[in-house]
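So the sequences go chain by chain: A and B. Quick note: the first sequence uses my numbering, first residue 1, plus one each step. Quick note: the second sequence uses my numbering, first residue 88, plus one each step. Below: one structure, written as structure tokens.
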Amino acid sequence: MSNEPEVVITAYPDGPYLVRGAYKIVDANGNDIELTRRTVALCRCGRSSQKPWCDSSHKSFNFRDPAKTGRSTSRKKNTSDDPPSHL
Amino acid sequence: MTVAAESSVAEFPQRWEPPLPNSRGPITEVLFKALVGRPGALGKVPSNERDPLSDDDLHLALYACYEIHYRGFAGVDARWEWNPALVSFRGQLEQAFESALIECFRVTGEQDPSTVKSMLNKIANRSGPPLSRHLRDKASLADFKDYIIHRSAYQLKEADPHSWVIPRLEGKAKAALVEVEFDEFGCGRSERIHAVLFRTTMDAMGLDSRYGAYLDLIPGVTLAPINLMSMFGLHRRLRGAAVGHLAIAEMTSALSNKFVAEGLRRLGYGADATGFFDEHVIADSIHDMVALHDLAGGLLEQDPSLAGDILFGASAWAGVDAAFAQYVLDSWSRKEPSLHTPGGSRLS
Numbered sequence: 001m002s003n004e005p006e007v008v009i010t011a012y013p014d015g016p017y018l019v020r021g022a023y024k025i026v027d028a029n030g031n032d033i034e035l036t037r038r039t040v041a042l043c044r045c046g047r048s049s050q051k052p053w054c055d056s057s058h059k060s061f062n063f064r065d066p067a068k069t070g071r072s073t074s075r076k077k078n079t080s081d082d083p084p085s086h087l
Numbered sequence: 088m089t090v091a092a093e094s095s096v097a098e099f100p101q102r103w104e105p106p107l108p109n110s111r112g113p114i115t116e117v118l119f120k121a122l123v124g125r126p127g128a129l130g131k132v133p134s135n136e137r138d139p140l141s142d143d144d145l146h147l148a149l150y151a152c153y154e155i156h157y158r159g160f161a162g163v164d165a166r167w168e169w170n171p172a173l174v175s176f177r178g179q180l181e182q183a184f185e186s187a188l189i190e191c192f193r194v195t196g197e198q199d200p201s202t203v204k205s206m207l208n209k210i211a212n213r214s215g216p217p218l219s220r221h222l223r224d225k226a227s228l229a230d231f232k233d234y235i236i237h238r239s240a241y242q243l244k245e246a247d248p249h250s251w252v253i254p255r256l257e258g259k260a261k262a263a264l265v266e267v268e269f270d271e272f273g274c275g276r277s278e279r280i281h282a283v284l285f286r287t288t289m290d291a292m293g294l295d296s297r298y299g300a301y302l303d304l305i306p307g308v309t310l311a312p313i314n315l316m317s318m319f320g321l322h323r324r325l326r327g328a329a330v331g332h333l334a335i336a337e338m339t340s341a342l343s344n345k346f347v348a349e350g351l352r353r354l355g356y357g358a359d360a361t362g363f364f365d366e367h368v369i370a371d372s373i374h375d376m377v378a379l380h381d382l383a384g385g386l387l388e389q390d391p392s393l394a395g396d397i398l399f400g401a402s403a404w405a406g407v408d409a410a411f412a413q414y415v416l417d418s419w420s421r422k423e424p425s426l427h428t429p430g431g432s433r434l435s
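Put into structure tokens, the structure is as follows:
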């Protein structure tokens, strides 16, 4: 992972942020949160009981993607008809 | 998530080959009688008028045919794997199963590729039999152990069937499938392989965690969804169905596994038993997105003609999985065993 040049954070439609690349995640005190996998999903709806991770709580209340309401944050070319929006 | 440091004790302490199960009817009688001998001729599949979506004899036979491609059985010559007579025998069983799946779950006509993701979301959001809620709120310890034994038929080889699909995909869809599979297989750490986490759960509950140890107890309705995965995985022409199945499985997994973990905690179990399920809440919240948007979405971008196959795989998986859940709930509500007795015959 340390050889990868960048971190890519992708907001998936009506779902969490997925993080890929060379990154570390720390808590409010700056302590490392253990990573056990290469790709992680960060809570975007605010309701996960296991923050910072997504635990699919967004499905319980029909979370809708704020990007769909007009916010434009894409700086990467999207090719899909219903693409994730790259931040 | 907390089992990793302790689980080295569960690392394959000895060589173990599962025994060939007992036969359950004319199909398995013919098959198992042949498998204990040298690879050679095998007769036609005996006719069977029972439901090809759940029949005990058909699905144990098909499961055993596939198992020879996975781990095999003690005393069964590994050369049976590509024996033409066995491949033909398996093909007859697959034809009966696939035809029934198509009849029940295939939507006729061309499917619009632009609607596939929303259709997959609809299939995932359909309410099914409330098995995981029952496990969370009500299931007894005995029922819970039954449930774990049912799940062992797949969970001890979790993600293996989908690995057949990797060489059949390319580009974005392949990268997505491998991203999911790498996670399923522990991201390079053998103690985090999901099948190993399930062994730890079984050990914590006092169950036999050896691969295939409970096969004689597991009914056809439980084996059918696993046979569906193997069939979709082993046939390149069904790669779209394999992708649709995996997308729905991942999209519906996190919350149900959360409920199962809560049920185990209700019964007093700790992290060694719940670790597998806790891991799936986090892992499948990732896989859900990857499987829908990158795997199914990626495959559709490459080949829009697979739209119908993707939806077929998704609907078929949801259907056979719901049949399993309903069977288990019905058995428990009638106070009947959901598993067979050791010896091959049914208690009920």
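Ideal placement from N, C-alpha and C gives every residue a C-beta, glycine not left out.
**Prompt:** Of all Cβ atoms in chain B, is any one closer than 7 Å to the Cβ of Tyr37 (chain A)?
**Reply:** It should be noted that the sequence gives Arg, not Tyr, for residue 37 (chain A). True, the Cβ-Cβ gap to chain B drops below 7 Å.
**Proximal residues to Asn314 (chain B) (C-beta, below 7 Å), its chain only, five neighbours per side dropped** = His146, Leu149, Tyr150, Tyr153, Phe184
**Message:** Can you check whether the C-beta of Tyr17 (chain A) is within less than 7 Å of a C-beta belonging to chain B?
**Reply:** no
**Asked** Could you give the residue range of the alpha helix (DSSP H) that holds Tyr12 (chain A)?
**Response** Element bounds for Tyr12 (chain A): n/a, residue is neither H nor E.
**Request:** Could you tell me which of B:His332, B:Ala410, B:Gly400 sits nearest to His374 (chain B), measuring between CA atoms?
**Result:** B:His332
**Asked** Quick one, which of B:Asp164, B:Lys259, B:Ile210 has its alpha-carbon nearest Glu388 (chain B)'s?
**Response** B:Lys259
**Partners in chain B for Lys59 (chain A), counting only beta-carbon separations shorter than 7 Å** = Leu342
**Request:** Give me whichever residues DSSP pairs with Val88 (chain A) in a beta bridge.
**Result:** Here chain A has residues from 1 to 87 only, and residue 88 (chain A) is not among them.
**C-alpha distance - Thr361 (chain B) paired with Arg220 (chain B), whole-angstrom precision** = 16 Å
**Cβ-based burial, Val407 (chain B) [other Cβ within 10 Å; buried from 16]** = buried
**Message:** Under 7 Å, Cβ to Cβ, is there at least one residue of chain A near Ser110 (chain B)?
**Reply:** no
**Message:** According to DSSP, simplified to helix, strand and coil, what is Asp32 (chain A)?
**Reply:** strand
**Request:** Using a Cβ cut-off of 7 Å (strictly closer), state whether Ser372 (chain B) contacts chain C.
**Result:** Here the protein chains are A and B, and chain C is not one of them.
**Request:** Tell me whether the beta-carbon of Gly307 (chain B) lies closer than 7 Å to the beta-carbon of Pro105 (chain B).
**Result:** no
**Local conformation of Trp103 (chain B) per DSSP, three classes** = coil
**Request:** Tell me where the alpha helix (DSSP H) around Asn314 (chain B) begins and ends.
**Result:** 307-321
**Message:** Check this for me: beta carbons of Leu426 (chain B) and Leu304 (chain B), under 7 Å apart or not?
**Reply:** yes
**Request:** Kindly list, in the order they appear in chain A, the residues whose Cβ is closer than 8 Å to that of Arg102 (chain B).
**Result:** Per Cβ cutoff of 8 Å: no residues; Arg102 (chain B) is ~29 Å from chain A at best.
**Item:** Inter-residue Cα distance where the pair is Asp417 (chain B) and Arg223 (chain B)
**Value:** 17 Å
**Prompt:** Grouping DSSP H, G and I as helix and E and B as strand, with all else coil, what is Trp251 (chain B)?
**Reply:** coil
**Prompt:** When we look at the beta-carbon of Thr202 (chain B) and count the other beta-carbons within 10 Å, is it buried (16 or more) or exposed?
**Reply:** exposed
**Request:** Scan the segment 225-279 of chain B and note each continuous alpha helix (DSSP H) run of 4 residues or more that stays entirely inside, going in chain order.
**Result:** 228-242, 247-250, 258-271
**Asked** To which residues of the same chain is Val163 (chain B) closer than 8 Å at the C-beta, ignoring the five residues directly before and after it?
**Response** Leu107, Leu122, Val123, Ile155
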